[in-house]
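**Q** I'd like to ask some things about the structure below.
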Amino acid sequence: MSSHDTTAHGHHDDHGAAHGSLGGYLIGFGLSVVLTAIPFWLVMTDTLGDATLTAIAIMALAAVQIVVHMIYFLHMNFRSEGGWNMMAMVFTLILVVITLAGSLWVMYHLNANMMPGAHDMRQML
2 MSSHDTTAHG HHDDHGAAHG SLGGYLIGFG LSVVLTAIPF WLVMTDTLGD
52 ATLTAIAIMA LAAVQIVVHM IYFLHMNFRS EGGWNMMAMV FTLILVVITL
102 AGSLWVMYHL NANMMPGAHD MRQML
């Protein structure tokens with residue numbers, strides 16, 4: 002029996018996931034290059050003029066690039082494996098956002114409430 006004979010075990014495992022094609026990979030690659038070049042251009046030319054606005058734009062483009070990678074390279078969609086792959090990813094993202102937001106909230110309030118201000122330092126001297 003040859004190593005390519007699929008009749009011995011039935012068919013290949015097909016979990017409903019889309020298999021990549023050259024066109025799909027090229028679209029994903031093109032989108033990835035554009036989504037990488039735009040933040041570089043925003044920073045190098047200071048187009049938006051505000052560092053906070055630039056950071057928000059870069060984070061938004063990063064989130065879009067994550068979705069592009071999940072769809073075009075990891076082949077994740079709501080059809081693969083009955084949607085459980087995507088549901089697990091959504092659940093993981095929710096937990097990560099809750100953890101990061103909570104950590105930033107705690108660190109901000111610790112800094113604001115625990116660090117002595119300049120007027121407190123003069124009283125200590």
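When you number the sequence shown by our numbering, it's gap-free, plus one each residue, and the end is 126.
Note that CB positions come from ideal geometry on N, CA and C, so glycine has one too.
Remember, predicted model here, so these are calculated numbers, not experimental data.
Determine the direct distance from the alpha carbon of His76 to that of Gly21, and round the result to whole angstroms.
**A** 7 Å
**Q** Taking the CB atoms as reference points, tell me whether Phe74 and Gly29 lie closer together than 8 Å.
**A** yes
**Q** How would you call Asn112, buried or exposed, if buried means at least 16 neighbouring beta carbons within 10 angstroms?
**A** exposed
**Q** If Leu62 sits next to Leu32, beta carbons under 8 Å apart, how far is it from one beta carbon to the other, in whole angstroms?
**A** The Cβ separation is near 11 Å, so there is no contact.
**Q** Closer than 8 Å is the cut-off here; do at least three beta carbon pairs connect the stretch 50-57 with the stretch 77-84?
**A** no
**Q** Apart from the five residues just before and just after His70, which ones in its own chain have a Cβ nearer than 8 Å to its Cβ?
**A** Within the same chain, His70 has close Cβ partners Gly29, Ser33.
**Q** Using the three-state DSSP reduction, which class does Gly127 fall into: helix, strand or coil?
**A** Since the first residue of the chain shown is 2 and the last is 126, residue 127 is not available in this structure.
**Q** Using alpha carbons as the reference points, say which of Leu105, Met87, Val97, Trp106 lies closest to Val68.
**A** Met87
**Q** Can you tell which of Pro40, Leu101, Ile72 has its C-alpha closest to the C-alpha of Tyr26?
**A** Ile72
**Q** Are Leu43 and Ala58 closer than 8 Å when you measure CB to CB?
**A** yes
**Q** Whole angstroms is fine: what's the gap from Phe41's alpha carbon to Leu94's?
**A** 25 Å
**Q** Over what stretch of residues does the alpha helix (DSSP H) that includes His110 continue unbroken?
**A** 85-115
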